[in-house]
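Line by line, the protein sequences are chains A and B.
When you line the first sequence up against our numbering, it's residues 15 to 434, in that order.
When you line the second sequence up against our numbering, it's residues 13 to 193, in that order.
A virtual CB, placed ideally from N, CA and C, is assigned to each residue, including glycine.
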Amino acid sequence: MAVVERKPEIYAGSRIPQPIPTVLLTDPALEDVLTVNFGPNHPSTHGVLRLIVDLHGEHVVGLSAVIGYLHTGFEKTMEQKTWWKGVTYPARVDYVSFQYNELVYVLAVEKLLQLEVPRKATWMRMALGELSRIHSHLVYLGTSALEIGAISMFWYCFRERDLALDLFELVTGVRMHTRYFQVGGLAEDIPRGFYDEARAFCERMPKAVDEYEAILNENKIWLERTKGIGLLSADDAIALGQTGPNLRASGVDWDLRKREPYLAYDQVDFDVPVYHGGDVYDRYKVRVDEMRESTRIISQCIDRLEEMQGEPWIADDRKVVLPPREELHTSMESLIHHFKIVTEGYRVPEGEVYVGVESPRGESGCYIVSDGGPKPWRVKFRAPSFAALHATAACATDAAVADLIAVVGSLDAVMGDVDR
Amino acid sequence: MGYEGVPGLVETNEALGETTLVVDPARVFEACTYLRDELGFNLLLDITATDYLGWGATPVAGYYGTAGGRDLNDPAAQGYERTPEPKSTRFTLNYHLLRVADDSARVRLQLLLDDGDTVATVVPVWPTADWHEREAWDMMGIAFDGHPNLTRILMEDDWEGHPLRKDYPIGGEPVRFSEAE
């Protein structure tokens with residue numbers, strides 16, 4: 015049986031397989047090649063990913079990915095719904111960082127409407143966005159460590175994940191797919207008690223991250239299985255359209271929150287972790303550090319939000335935003351507006367926009383086209399997972415079959431986001 | 013930022029802070045190579061096809077106005093029938109490009125295509141285009157010349173039609189055990 019050589023140093027040149035980048039082609043001269051079907055229903059595929067793997071001993075010598083098992087036609091469905099109803103769908107596209115997908119859609123519609131959002135909504139969007147980043151990274155860390163043997167990580171990570179979901183429940187009434195962000199602001203005011211709970215979470219989180227690192231950073235098995243595995247150089251990462259933690263782990267200092275600050279990211283203090291190894295370990299380090307930074311951002315948001323108590327949480331624009339519930343009993347005008355928005359929907363001026371934000375998985379983008387009517391003409395999500403999964407073949411060069419699971423886990427593709 | 017040198021440039025549109033370069037579809041490969049090598053757009057974010065079949069067929073009525081200071085008493089804010097500006101071709105194909113560098117920038121490259129037109133692949137320029145082009149083929153039926161593996165990606169291999177086209181029905185699943193059987 016062939017022994018897999020470890021190459022912990024980052025390679026020179028490009029490793030993107032030629033001539034077909036999708037597929038790592040098997041060398042026809044090789045004998046004794048075993049073709050193995052991996053997935054689509056496999057616990058370590060993070061959904062329903064199917065890989066067809068050619069093995070030579072333990073070596074991965076050929077690879078192709080089959081996706082689409084989770085294709086639900088969100089983009090087609092959203093063309094049939096009003097702008098207002100469409101807010102429900104994006105959260106279900108990438109169901110692990112649900113809040114961020116909601117955000118990018120809402121920001122795109124607001125850009126076309128040229129709608130001003132009250133500052134309280136902006137800061138709350140930031141707080142919940144970062145909370146969903148922590149949630150997403152916890153799911154990544156728990157599951158991908160579980161897959162390569164560190165079972166206890168799963169329990170630790172899901173312990174804190176539950177606290178994050180409790181916070182979502184406190185604010186929105188549901189634990190996932192909240193539909194809390196509305197075009198114009200937030201659906202409801204921030205409930206009493208949120209600030210204290212969020213503070214307690216922020217206090218706990220850095221200690222919890224210390225615990226995760228205490229389990230993994232010195233863990234020999236973890237280090238053996240992640241260091242120097244799944245290498246991706248900076249040039250290859252850019253050529254393959256990688257963004258977010260995968261790009262930052264390859265040594266590219268690129269974060270939209272710093273480069274093109276949206277919301278109020280230019281007013282908060284945080285650092286962007288960048289590592290240069292380009293391997294599974296560095297992708298883990300980037301995400302763990304990001305959890306600490308996100309905690310810092312949340313506490314700053316809470317400080318600012320507390321000063322804004324009593325301020326409006328949604329724009330005062332009756333042509334787009336639902337009137338306050340209590341007005342419906344007394345005001346005819348409000349009732350008409352409510353009826354019009356709910357039945358017919360508001361109209362968005364003609365045009366096309368693209369908005370990109372730094373989601374937990376990289377640049378999540380939303381491209382929308384409006385013909386001036388109450389329904390979107392075209393909605394397209396730029397899915398970071400779609401690009402991330404495309405890098406599997408480049409990362410799996412020189413990999414052993416067991417490394418493949420570490421590689422797929424570390425790229426952190428969510429199949430809902432890949433297939434949409 | 014000078015985009016005048018982009019090969020095959022037809023038109024440059026600025027709207028809502030976004031730049032759209034409309035390029036002659038026959039010269040897309042040259043244009044993309046130029047944008048990558050001369051202007052530094054090293055990261056291809058996305059390729060999106062849009063179907064404009066039926067665009068403007070029904071006039072759009074209703075109200076909308078501007079943010080803040082929207083005057084509800086202004087008659088123009090109450091709306092009247094209007095049609096969106098007509099499109100010259102059925103499809104557009106949009107390449108969203110990003111420059112990952114200290115002077116970051118974004119640009120949208122747009123091609124105007126009719127049904128049946130083929131476009132040169134840009135996989136040699138940005139390898140990530142591979143899957144995006146396959147998605148555009150699968151969902152919209154835009155064919156790419158020279159693509160290494162132009163097969164369906166999200167739908168099954170034997171699927172018929174391109175689901176995101178406007179003439180593709182939303183329902184259409186045959187009803188089993190209906191009275192007709």
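Per-residue DSSP class, three states only, for residue i
i: Val-288 (chain A); result: coil
i: His-144 (chain B); result: helix
i: Phe-195 (chain A); result: strand
i: His-108 (chain B); result: strand
i: Glu-30 (chain B); result: strand
i: Lys-90 (chain A); result: helix
i: Val-220 (chain B); result: In the structure displayed, chain B extends from 13 to 193; residue 220 (chain B) sits before or after that span and is not available.
i: Ile-162 (chain A); result: coil
i: Ser-308 (chain A); result: helix
i: Tyr-209 (chain A); result: helix
i: Ser-481 (chain A); result: Outside the shown range of chain A (15 to 434) lies residue 481 (chain A), about which nothing can therefore be said.
i: Asn-51 (chain A); result: strand
i: Val-74 (chain A); result: strand
i: Thr-157 (chain A); result: helix
i: Met-219 (chain A); result: helix
i: Tyr-119 (chain A); result: helix
Separation of residue j from residue i, as counted between CA atoms
i: Val-110 (chain A); j: Ser-308 (chain A); result: 16 Å
i: Ala-405 (chain A); j: Gly-173 (chain B); result: 29 Å
i: Ile-165 (chain A); j: Ala-159 (chain A); result: 7 Å
i: Ala-263 (chain A); j: Lys-178 (chain B); result: 41 Å
i: Arg-118 (chain B); j: Val-369 (chain A); result: 11 Å
i: Ala-402 (chain A); j: Val-22 (chain B); result: 33 Å
i: Arg-102 (chain B); j: Gly-82 (chain A); result: 27 Å
i: Asp-296 (chain A); j: Trp-67 (chain B); result: 48 Å
i: Asp-426 (chain A); j: His-343 (chain A); result: 49 Å
i: Phe-112 (chain A); j: Trp-327 (chain A); result: 20 Å
i: Thr-86 (chain A); j: Glu-26 (chain B); result: 34 Å
i: Met-322 (chain A); j: Lys-95 (chain A); result: 34 Å
i: Lys-99 (chain A); j: Ile-350 (chain A); result: 18 Å
i: Asp-36 (chain B); j: Cys-44 (chain B); result: 12 Å
i: Leu-435 (chain A); j: Val-422 (chain A); result: One cannot answer for residue 435 (chain A) here, as it falls past the ends of chain A, which runs 15 to 434.
i: Pro-259 (chain A); j: Trp-97 (chain A); result: 31 Å
i: Pro-132 (chain A); j: Ala-228 (chain A); result: 42 Å
i: Gly-14 (chain B); j: Phe-400 (chain A); result: 31 Å
Any C-beta of chain A under 9 Å from that of residue i
i: Ser-100 (chain B); result: no
i: Ile-200 (chain B); result: Nothing about residue 200 (chain B) can be read from this structure; chain B reaches only from 13 to 193.
i: Val-112 (chain B); result: yes
i: Trp-149 (chain B); result: no
i: Asp-58 (chain B); result: yes
i: Tyr-180 (chain B); result: yes
i: Glu-28 (chain B); result: A quick correction: the sequence has Leu, not Glu, at residue 28 (chain B). Interface residue, yes.
i: Tyr-64 (chain B); result: yes
i: Thr-32 (chain B); result: yes
i: Asp-142 (chain B); result: yes
i: Glu-168 (chain B); result: yes
i: Leu-51 (chain B); result: no
i: Val-22 (chain B); result: no
Close beta carbons around residue i, own chain, < 6 Å, minus the five adjacent residues each side
i: Phe-13 (chain A); result: Only positions 15 to 434 of chain A appear in the structure, and residue 13 (chain A) is not among them; the question remains open.
i: Asp-283 (chain A); result: none
i: Arg-103 (chain A); result: For the record, residue 103 (chain A) in the displayed sequence is Tyr; it is not Arg. Once the five neighbours on either side are set aside, the close Cβ partners of Tyr-103 (chain A) are Phe-88 and Met-92.
i: Lys-99 (chain B); result: Tyr-64 and Trp-67
i: Tyr-279 (chain A); result: Arg-271
i: His-108 (chain B); result: Leu-57, Asp-58 and Arg-120
i: Glu-42 (chain B); result: Pro-19
i: Thr-31 (chain B); result: Val-119
Chain B contact for residue i (CB, 9 Å cutoff)
i: Arg-193 (chain A); result: no
i: Arg-396 (chain A); result: yes
i: Ala-410 (chain A); result: no
i: Val-266 (chain A); result: yes
i: Lys-221 (chain A); result: no
i: Lys-241 (chain A); result: no
Contacting residues, own chain, Cβ-Cβ under 8 Å from residue i (five flanking each side not counted)
i: Ala-113 (chain B); result: Gly-52 and Asn-54
i: Asp-126 (chain B); result: Thr-101, Arg-102 and Phe-103
i: Ile-204 (chain A); result: Lys-134, Met-138, Val-185, Leu-319 and Trp-327
Sequence-distant residues of its chain with Cβ nearer than 7 Å to residue i (five each side left out)
i: Trp-149 (chain B); result: Ala-155, Phe-156 and Leu-162
i: Arg-301 (chain A); result: His-151, Tyr-154, Leu-155 and Pro-259
| request: Identify each residue in the segment 365 to 394 of chain A for which the Cβ-Cβ distance to at least one residue of chain B is less than 9 Å, and report them in chain order. | output: Gly-365, Glu-366, Val-367, Tyr-368, Gly-370, Glu-377, Gly-379, Tyr-381, Val-383, Ser-384, Asp-385, Gly-386, Gly-387, Pro-388, Trp-391, Arg-392 and Lys-394
Of the residues that make up the segment 108 to 132 of chain B, which ones have a beta carbon closer than 7 Å to any beta carbon in chain A?
His-108, Val-112, Ser-116 and Arg-120
In the segment 62 to 82 of chain A, which residues sit with their C-beta less than 8 Å from some C-beta in chain B, listed in chain order? Ile-81 and Gly-82
Practice task
Compile a chain-ordered list of the residues in the segment 400 to 424 of chain A whose CB is closer than 9 Å to at least one CB of chain B.
Solution key: Phe-400, Ala-401, Leu-403, His-404, Ala-405 and Ala-408
_chain B contacts from the segment 245 to 263 of chain A (Cβ-Cβ distance under 7 Å)_ = Under the 7 Å Cβ criterion, the segment 245 to 263 of chain A contributes Ile-252, Ala-253, Leu-254 and Gly-255.
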